[in-house]
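J.: Residue numbers (this note's numbering): 3 to 139.
What follows is the structure, given as structure tokens:
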């Protein structure tokens with residue numbers, strides 16, 4: 003599934019590089035995110051994988067690409083002081099749901115979603131950067 007959606011070598015991208023380096027391949031992450039949107043069944047499959055830990059980890063390149071697209075939207079928001087748009091929080095909600103149910107995030111990070119929806123885009127980006135750095139370890 004990961005190979006089919008990622009293509010272009012991102013399927014083997016289990017390493018979370020520094021955000022500055024990840025920005026260089028944003029067009030590839032956007033392509034993966036677009037394919038995830040075009041094939042809604044994938045979300046149901048990943049949700050089913052969360053029931054059998056650690057199966058969701060095999061979808062890590064998909065989740066990484068999706069989070070990168072969310073982060074770039076937070077980072078490039080035209081009004082850094084405004085709250086995140088509804089469409090963006092909806093995307094983030096999907097990501098956090100999978101990461102939480104798949105036991106990919108520690109318990110203290112599960113609450114980040116609620117926090118991000120209540121702060122500015124700039125502050126939300128900084129929090130998401132913390133999540134990205136967690137996966138770098």
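Backbone N, C-alpha and C define an ideal beta-carbon position, used for all residues, glycine too.
Does DSSP put residue 80 in a helix, in a strand, or in coil?
T.: Three-state DSSP puts residue 80 in coil, outside helix and strand.
J.: Under three-state DSSP, which class holds residue 51?
T.: Helix.
J.: Would residue 8 be called buried (16 or more neighbouring beta carbons within 10 Å of its own) or exposed?
T.: Buried: at least 16 other Cβ atoms inside 10 Å.
J.: Enumerate in chain order the residues of its own chain whose CB-to-CB distance from residue 114 is below 6 Å, with the five nearest sequence positions on each side excluded.
T.: If we look at residue 114 and ignore the five residues flanking it on each side, its Cβ neighbours are 129.
J.: Assuming contact is defined by CB atoms lying nearer than 8 Å, are residue 47 and residue 3 in contact in what I supplied?
T.: Yes. Within cutoff.
J.: Per DSSP, what kind of secondary structure is residue 22 in: helix, strand or coil?
T.: Of the three classes helix, strand and coil, the one that applies to residue 22 here is helix, per DSSP.
J.: Under 6 Å Cβ to Cβ from residue 93, same chain only, skipping five residues before and after it: list those, please.
T.: If we look at residue 93 and ignore the five residues flanking it on each side, its Cβ neighbours are 72.
J.: Residue 3 by DSSP, collapsed to three states: which one?
T.: Note: residue 3 maps to coil in three-state DSSP.
J.: Does DSSP put residue 56 in a helix, in a strand, or in coil?
T.: Residue 56: coil per DSSP, three-state reduction.
J.: Which residue comes first and which comes last in the alpha helix (DSSP H) that contains residue 131?
T.: Where residue 131 is concerned, the enclosing alpha helix (DSSP H) stretches over 123-138.
J.: Following the continuous alpha helix (DSSP H) through residue 15, name the residue where it begins and the one where it ends.
T.: Segment: none, residue 15 is in no alpha helix (DSSP H) and carries neither H nor E.
J.: Please report how far the alpha carbon of residue 58 lies from the alpha carbon of residue 49, in whole angstroms.
T.: Cα to Cα, residue 58 sits roughly 8 Å from residue 49.
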